[in-house]
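Student: Residue numbers (this note's numbering): 33 to 388.
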Ligand code: NAI
Ligand code: MG
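1. Run through DSSP, which three-state label would residue 303 get?
2. Curious, which full-length alpha helix (DSSP H) runs of at least 4 residues does the region 190-257 contain?
3. Comparing alpha-carbon positions, which option in 162, 330 and 301 lies nearest residue 127?
4. Can you check the region 266-351 for any alpha helix (DSSP H) of at least 4 residues that lies completely inside it and give the ranges in chain order?
5. Does the distance from the CB of residue 337 to the CB of residue 357 come in under 8 angstroms?
6. What residue range is occupied by the uninterrupted beta strand (DSSP E) comprising residue 39?
7. Any chance the CB of residue 325 is under 7 angstroms from a heavy atom of ligand 1?
8. Closer than 7 angstroms: is that where the CB of residue 379 sits relative to any heavy atom of ligand 1?
9. Hey, how far is the Cα of residue 217 from the Cα of residue 241?
10. Do you know offhand how far residue 119's Cα is from residue 76's?
11. Once the 5 residues before and after residue 386 are set aside, which same chain residues still bring their CB inside 8 angstroms of it?
12. Comparing alpha-carbon positions, which option in 122, 55 and 61 lies nearest residue 88?
13. By Cβ distance, which residues of its chain are closer than 7 angstroms to residue 211, with the 5 residues on each side in sequence left out?
14. What is the residue span of the alpha helix (DSSP H) that residue 113 lies within?
15. For residue 83, report the span of its alpha helix (DSSP H) as first-last.
16. Assuming residue 372 is part of the alpha helix (DSSP H), what are its boundary residues?
17. Starting from the C-beta of residue 266, find all residues in its chain whose C-beta is less than 7 angstroms away, skip the five residues before and the five after it, and write them out in chain order.
18. Mind checking whether residue 46 and residue 101 have CB atoms under 8 angstroms apart?
19. Taking 7 angstroms as the cut-off, does the CB of residue 292 come closer than this to any heavy atom belonging to ligand 1?
20. To which residues of the same chain is residue 125 closer than 8 angstroms at the C-beta, ignoring the five residues directly before and after it?
21. Could you please give the first and the last residue of the uninterrupted beta strand (DSSP E) stretch that includes residue 176?
22. Kindly indicate which residue of 367, 370, 353 and 372 has the alpha-carbon position closest to the one of residue 383.
23. Between residue 324 and residue 315, is the Cβ-Cβ spacing less than 8 angstroms?
24. Can you tell which of 115, 72 and 112 has the C-alpha that lies nearest to the C-alpha of residue 98?
25. Closer than 7 angstroms to a non-hydrogen atom of ligand 1 - does that hold for the CB of residue 107?
26. If you run the structure through DSSP and keep just helix, strand and coil, what is residue 132?
27. So, is residue 275 buried or exposed, given that buried needs 16 or more other C-beta atoms within 10 angstroms?
28. What are the start and end residues of the beta strand (DSSP E) that includes residue 105?
29. Where residue 206 and residue 313 are concerned, what is the direct C-alpha to C-alpha distance, given to the nearest angstrom?
30. Is it the case that the CB of residue 309 approaches a heavy atom of ligand 1 more closely than 7 angstroms?
31. Taking Cβ to Cβ, would you say residue 95 is nearer than 8 angstroms to residue 305?
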């Protein structure tokens, strides 16, 4: 099989982890007889420095002409003071919108070998297997107006939480479809006791549920969900929620695995190409030191093999290799503990490749 992948390394550790993930894809190509080719695009702070925009048109074109997109991360303190339209995150938000990536899938699995890396008790996180489905192109992060205003003579500010019903329908439907092939339960998270948008979300979830009699639907308020996520995460299978709630809850869910550096994601659209990225940011505190954990990005590549290319065996080969490497005791610093073999980013990538 021949596939062309657009790679947007971005800033900070984004460059280090995407480099590693590409090497893993090459190793998969060699073992299974596929040809993966790569083109590189600019996004984020580096793009602002070089081209004066966080998302150049060439990058958008590159992505639209690819079979899948691999993204690292964007941002860093260097660009924090820029005007809003030049901020690195604008690049990320814009590529999501341009590719119409309406759903972000964030699986959180339990790794028995990492039980010691989570601050939570083993009994709580054991066998956790949840899939967060986060709406990605609507809600507070995109609503207009979003600006400083003056109200009654004082400085004020407005952000807008806007959704069209169809935007809710498609992401909630996707969650139900995914639940069908899992344990058959969807938890829809909202704040329906307070927000009108959440009341509509809940109605839509009820409507969609009628088409899926084989899937159970449960509603949960977001504040309770945040608590349940660390108190009893095993109750969850598929969790579906709007953009900002999903952003927050999925970072929280990363604690179940032990590190942000372990969590992959896939962002999908109706037509493709899909975009794959680790859920973590550019980690300026550790950038350039070759100590970042590349596994979130490597696991994102496994999702790419499965969801974009239909290469299930190859996806499993990546996931199995990650598991074996962890079982053999190799650890980057974020998941390290006494008695384990501490490795750098590049050494971790070498271990995964060798195992493949
Ligand atoms: P972050 O996710 O970059 O880092 C949070 C903490 O986790 C840091 O201590 C970092 O060292 C650690 N960490 C993250 N990924 C790791 C990895 N792979 N291996 C080892 N340790 C890892 O979030 P933070 O610090 O809030 O934001 C840093 C910058 O990243 C900001 O400019 C922010 O806007 C941006 N950001 C970008 C995202 C993206 O591109 N998708 C997502 C989140 C933040
Ligand atoms: Mg986030």
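Don't be surprised by glycine CBs; every beta carbon is placed ideally from N, CA and C.
Tutor: This is what the structure gives:
1. For the purposes of this step, residue 303 is taken as residue 271 along the chain shown, with counting starting at 1. Coil.
2. Restricting attention to alpha helix (DSSP H) runs no shorter than 4 residues, the region 190-257 encloses them at 197-212 and 228-242, ordered along the chain.
3. Numbered from 1 along the chain shown, position 95 holds the residue referred to as residue 127. Ranking the options by Cα distance to residue 127, first place goes to 301.
4. Listed in chain order, they are 275-289 and 327-339.
5. In the chain shown, counting from the first residue as 1, residue 337 sits at position 305. In the chain shown, counting from the first residue as 1, residue 357 sits at position 325. In this structure, residue 357 does not lie closer than 8 angstroms to residue 337 by Cβ.
6. Start at 1 with the first residue of the chain shown, and residue 39 comes out as number 7. 34-42 is the extent of the beta strand (DSSP E) around residue 39.
7. Against the chain shown, residue 325 aligns to sequence position 293. Result yes, Cβ under 7 angstroms from ligand 1.
8. Residue mapping note: residue 379 aligns to position 347 of the chain shown, counting from 1. No; taking the cut-off as 7 angstroms, the Cβ of residue 379 has no heavy atom of ligand 1 nearer than that.
9. Reading the chain shown from its first residue, position 185 is the one you call residue 217. Reading the chain shown from its first residue, position 209 is the one you call residue 241. Cα-Cα distance, rounded: 11 angstroms.
10. The residue you call residue 119 lines up with position 87 of the chain shown. The residue you call residue 76 lines up with position 44 of the chain shown. For residue 119 and residue 76, the distance between alpha carbons rounds to 7 angstroms.
11. If you number the chain shown from 1, residue 386 lands on position 354. There are no such residues.
12. Numbered from its first residue, the chain shown carries residue 88 at position 56. It is 122.
13. Along the chain shown, one-based indexing puts residue 211 at 179. 217, 218, 247, 269 and 270, listed in sequence order.
14. Locating residue 113 in the chain shown gives position 81, counting from the first residue. No alpha helix (DSSP H) contains residue 113, which DSSP labels as neither H nor E.
15. The residue labelled residue 83 in the question sits at position 51 within the chain shown. Element bounds for residue 83: 77-83.
16. Position 340 of the chain shown, counting from 1, holds the residue named residue 372. It is not in any alpha helix (DSSP H) - residue 372 carries neither H nor E in the DSSP assignment.
17. Here residue 266 corresponds to residue number 234 of the chain shown, with the count starting at 1. Result list for residue 266: 159 and 160, in chain order.
18. Taking the first residue of the chain shown as 1, we reach residue 46 at position 14. Taking the first residue of the chain shown as 1, we reach residue 101 at position 69. No, they are not a contact pair.
19. Your numbering for residue 292 matches position 260 in the chain shown. Yes, the beta carbon of residue 292 sits closer than 7 angstroms to at least one heavy atom of ligand 1.
20. Residue 125 sits at position 93 when you count from the first residue of the chain shown. Correct list, in chain order: 173 and 174.
21. Position 144 of the chain shown, counted from the first residue, corresponds to residue 176. Counting along the chain, the beta strand (DSSP E) containing residue 176 begins and ends at 175-183.
22. Here residue 383 corresponds to residue number 351 of the chain shown, with the count starting at 1. That would be 353, whose Cα lies nearest to the Cα of residue 383.
23. Translated into the one-based positions of the chain shown, residue 324 becomes position 292. Translated into the one-based positions of the chain shown, residue 315 becomes position 283. Yes, they are a contact pair.
24. Indexing the chain shown from 1 puts residue 98 at position 66. When only C-alpha atoms are compared, the closest one is 72.
25. Along the chain shown, one-based indexing puts residue 107 at 75. Residue 107: yes, Cβ under 7 angstroms from ligand 1.
26. Position 100 of the chain shown holds residue 132. Coil at residue 132, not helix or strand.
27. The count along the chain shown starts at 1 and reaches residue 275 at position 243. So residue 275 counts as buried.
28. The residue given as residue 105 occupies position 73 in the chain shown. Counting along the chain, the beta strand (DSSP E) containing residue 105 begins and ends at 100-105.
29. As a working mapping, residue 206 is identified with position 174 in the chain shown. As a working mapping, residue 313 is identified with position 281 in the chain shown. Their Cα atoms are separated by approximately 26 angstroms.
30. Taking the chain shown and counting its residues from 1, one reaches residue 309 at position 277. Answer for residue 309: yes, Cβ within range of ligand 1.
31. By one-based count along the chain shown, residue 95 stands at place 63. By one-based count along the chain shown, residue 305 stands at place 273. Yes, Cβ-Cβ distance for residue 95 and residue 305 is below 8 angstroms.
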